[in-house]
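Following: one structure in structure tokens, then a few remarks.
Number of protein chains: 2
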Amino acid sequence: MTAGTDQNDNKTAGRITISVDAMGGDAGPAVVVAGIAKSAEKNPDIGFILHGPKEQLEPLVAKKRRLEGRVEIRDARDVVTMEDKPSQVMRNGKGTSMWSALESVKKGEAAGAVSCGNTGALMALSMLRLRKLPGVNRPAIAVLWPSLNPQGFNVMLDVGADIRADAEDLLQYAVMGMSYVRNSMDISRPRVGLLNVGTEEHKGRAELKEAYGLIAAQADQANFEFVGFVEGGDIPGDIADVIVTDGFTGNVAIKTGEGTASLISTALRQAFAYSLLSKLAALLAYTSLGRLKKRIDPRRVNGGVFLGLNGTVVKSHGGADATGISAAVKLAFHLAEQGFAEKLAARVASARLLTQDNETGSKEPAITEKD
Amino acid sequence: MTAGTDQNDNKTAGRITISVDAMGGDAGPAVVVAGIAKSAEKNPDIGFILHGPKEQLEPLVAKKRRLEGRVEIRDARDVVTMEDKPSQVMRNGKGTSMWSALESVKKGEAAGAVSCGNTGALMALSMLRLRKLPGVNRPAIAVLWPSLNPQGFNVMLDVGADIRADAEDLLQYAVMGMSYVRNSMDISRPRVGLLNVGTEEHKGRAELKEAYGLIAAQADQANFEFVGFVEGGDIPGDIADVIVTDGFTGNVAIKTGEGTASLISTALRQAFAYSLLSKLAALLAYTSLGRLKKRIDPRRVNGGVFLGLNGTVVKSHGGADATGISAAVKLAFHLAEQGFAEKLAARVASARLLTQDNETGSKEPAITEKD
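Chains as they are written, first to last, in the working numbering: chain A, 1 to 371; chain B, 1001 to 1371.
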């Protein structure tokens, strides 16, 4: 059970309440309000608590008819900027909209928090206010990644919550990532891969070999398939639903992938701008290119989820537009609907039990129900 | 000076001789022979020593008129397969075409070697036969990477020669990578970036912070610009010409980039195959898409260069076709023409001297001429 979260509190009249930090994104609160208005329009079951300077937020909310009666504004005077260091924010962040947004989750007023702000500060404050799940050493950030899988996406974690990860951390990432996939996509037996530089068992760093054994030992009882080591090329591939790695490697990989996609899109634009004929071709190809763009549009999968905390926190991209913010809100809503925070906590506890069992050689059954 | 290499030996009649391992690629020796025939046609100044089973190679070479009088075949009975472990090959590899190809460089008969074979085995044999440059702890594999830079490419290293790298290794990678850029592209003052998860100086692993200081201290005297920490998104970007990282991270990054490019190309094909109209658009867009494909075609930049050895070794992609092999040969030829092996050795020696000077506080000038 999530500490302090009472399902009745955050589901007034069948509604699920999401706590949203209006500040700290690159484009300011107007875009955040536009984003939640988009969400509100699509989904009548979401309510909002919006955090930031009241005099800025009130007129923005008043302008959106769709938000009438669905937003409670919490006045917070300070803003965490992209330049603020996590350690400073932990000491002096009490008056910020970010702190306030997390407080609503802690108190059980909201089923999840969404922020476009500074990632490091958001993780630090989340750990401070929501606390780590029992037995979790390093929480992780999980992202959806466009892939050749039938569901169109993989989940990769950690992508930068912590630059280190030992074998036990990687095991927890595997368990948390597979629980996230099970609750966000319709996959009952997720395939988990451990990122390495080769697929042979003898390759790679020592902690990876150790993690290999730990993850393999949990696969059956936790009902996932361990596909073993995978390589960078498998991140957008179709052999795994969950890609497990340390935060340093994951962060480099995600940014390399984004950079490559952006390079290709620039090159594509230039190729079509080359001559009159190619411009004409571009005109005719407009729909096809739109279809491609939609498929790999990062705004559709906006939202890194913090895993390993008492409560759900979704980090939206700092440069997200209204569509992106709406996607992040939808993700937080969907996870709340699934009761993900509680299922994840149970899953982590069960994995911990199993590890202890394996260590002591005991054969007591661990929790095995579908989470 | 490169051990055992005599420029007169491998430049018969103005020709530069490249040693080519005909075996070990996915497609067999016919493709390798087709590749060197392509090179021979484009460049009258290349001669070849070709290694592999004589009875297989002779008829293949005889069929290519362009190769007449330009190929010497060295009979080698054994082949290193993709499954062979480097340690086995080091013990038992003496009769292989790969060993034989390196032997020609060692003896000074060829100015560089090209192989499509098993990367780990090729690096292990290269270290065994050519030996590391004095002061180099870990040789590196450097690849060209499509980027937004004016020259169209960056150099990234290490991409998998070794999964570890300490601060001094990273400094050597910086020096070797910038020397490679200077000799393979027309850039007199290369910009060097150190891959990290953030661009702030306080972020990242301890060895990265230490490497930051070491590289910064060499920049002026070795005549490169140190742009500091860079992120994954800068690998295909335009703020650095050389991206320095450890072999684990580099290997994941390169494969993630390749995987992303392949995902987008699949999605692009599917987008254009969607309807009759989109197929028509594809027809008209044919030239533009061809232009794009050419720009990001991996075959154009085929060839990982092993840096830090006494001699030039180019690793071609295992699945390379004739165009790819021809590109790898061209790269080996171009580096030989520049006298790269000798310049690199001098540059590494100079960097070593400078580090020692910095340690002892001496202010003796190190080698500073343009390498």
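Idealized CB from N, CA, C, for every residue including glycine.
Asked: Which word fits G247 (chain A), buried or exposed, when buried means at least 16 other C-beta atoms lie within 10 angstroms of its C-beta?; Found: buried
Asked: In terms of alpha-carbon separation, which member of A:M23, A:A40, A:D45 and A:G25 lies closest to I16 (chain A)?; Found: A:D45
Asked: Under a CB-based cut-off of 8 Å, is K209 (chain A) close to chain B?; Found: no
Asked: Assign G1324 (chain B) to one of three DSSP states: helix, strand, or coil.; Found: helix
Asked: Helix, strand or coil, according to DSSP, for H374 (chain A) in the structure here?; Found: The structure shown has nothing for residue 374 (chain A), since chain A only spans 1 to 371.
Asked: Would R1074 (chain B) pass as a contact of A1037 (chain B) if the rule is Cβ separation under 8 Å?; Found: no
Asked: Please report the distance separating the alpha-carbon of I1239 (chain B) from that of S265 (chain A).; Found: 18 Å
Asked: Does the region 1253-1261 of chain B come close enough to the region 278-289 of chain A that 3 or more CB-CB pairs lie under 8 Å?; Found: no
Asked: Output the boundary residues of the alpha helix (DSSP H) element that contains Q101 (chain A).; Found: Note that residue 101 (chain A) is Ala in the sequence shown, not Gln. Start and end: S97 to K106.
Asked: Using the rule of at least 16 other Cβ atoms within 10 Å of the residue's Cβ for burial, across every protein chain shown, is A1150 (chain B) buried or exposed?; Found: One point to set straight first is that residue 1150 (chain B) is Pro, not Ala, in the sequence displayed. Classification for P1150 (chain B): exposed.
Asked: On the three-state DSSP scale, how would you describe I16 (chain A)?; Found: strand
Asked: What residue does the alpha helix (DSSP H) around G233 (chain A) start on, and which one ends it?; Found: Element bounds for G233 (chain A): n/a, residue is neither H nor E.
Asked: Just to confirm the assignment: which complete alpha helix (DSSP H) runs, minimum length 4, are found wholly within the region 127-215 of chain A?; Found: 167-184
Asked: Could you give the distance in angstroms between the alpha-carbon of L214 (chain A) and the alpha-carbon of G1024 (chain B)?; Found: 36 Å
Asked: Where does G1290 (chain B) land, buried or exposed, given buried means 16+ other C-beta within 10 angstroms?; Found: exposed
Asked: DSSP puts S288 (chain A) in a beta bridge; with which residues?; Found: Answer is none; S288 (chain A) lacks a bridge partner.
Asked: Using a Cβ-Cβ cut-off of less than 8 Å, list which residues of the region 1213-1242 of chain B approach chain A; keep chain order.; Found: E1231, G1232, G1233, D1234, I1235, P1236 and G1237
Asked: Have a look at K1209 (chain B) and K1330 (chain B) and give me their C-alpha separation to the nearest angstrom.; Found: 37 Å
Asked: Listing by chain order, which chain A residues have their CB less than 7 Å from the CB of Y1274 (chain B)?; Found: S288 and R291
Asked: Taking CB distances under 8 Å as the criterion, tell me whether G1117 (chain B) reaches chain A.; Found: no
Asked: Considering only the alpha carbon of each residue, which of A:R164, A:L60 and A:L125 lies closest to Q88 (chain A)?; Found: A:L125
Asked: Output yes if chain A places a C-beta closer than 8 Å to the C-beta of K1042 (chain B); else output no.; Found: no
Asked: Counting along the chain, where does the alpha helix (DSSP H) carrying K1038 (chain B) start and finish?; Found: P1029 to K1042
Asked: Considering only residues of the same chain and omitting the five flanking positions on each side of L1148 (chain B), which have a CB-CB separation below 8 Å?; Found: P1236, G1237 and D1238
Asked: When DSSP labels each residue in this structure, what does F224 (chain A) get in the three-state scheme?; Found: coil
Asked: Whose C-alpha, out of A:G28, A:V32 and A:D21, is nearest the C-alpha of G324 (chain A)?; Found: A:V32
Asked: Can you pull the DSSP bridge partners for E1072 (chain B)?; Found: B:I1049
Asked: Say whether chain A places a C-beta atom closer than 8 Å to the C-beta of R1191 (chain B).; Found: no
Asked: Count the other CB atoms within 10 Å of the CB of T1096 (chain B); is the residue buried (16 or more) or exposed (fewer)?; Found: buried
Asked: Do Q172 (chain A) and G339 (chain A) come within 8 Å of each other at the CB atom, strictly closer than that value?; Found: no
Asked: Reducing DSSP to helix, strand and coil, say where G1117 (chain B) ends up.; Found: coil
Asked: When Cβ atoms are compared, which residues of the region 246-266 of chain A fall closer than 8 Å to chain B?; Found: G247, F248, T249, N251, V252, A253, I254, K255, T256, G257, E258, G259, T260, A261, S262, L263, I264 and T266
Asked: Going along chain A in order, which residues have a C-beta closer than 8 Å to the C-beta of G1160 (chain B)?; Found: V197
Asked: Taking Cβ-Cβ distances shorter than 7 Å, what residues in chain A pair up with I1163 (chain B)?; Found: V197, G204 and R205
Asked: Check the C-beta distance from D169 (chain A) over to R138 (chain A) and give it rounded, since I have them as a contact under 8 Å.; Found: 5 Å
Asked: Using a C-beta cutoff of 8 Å, does P146 (chain A) count as contacting chain B?; Found: yes
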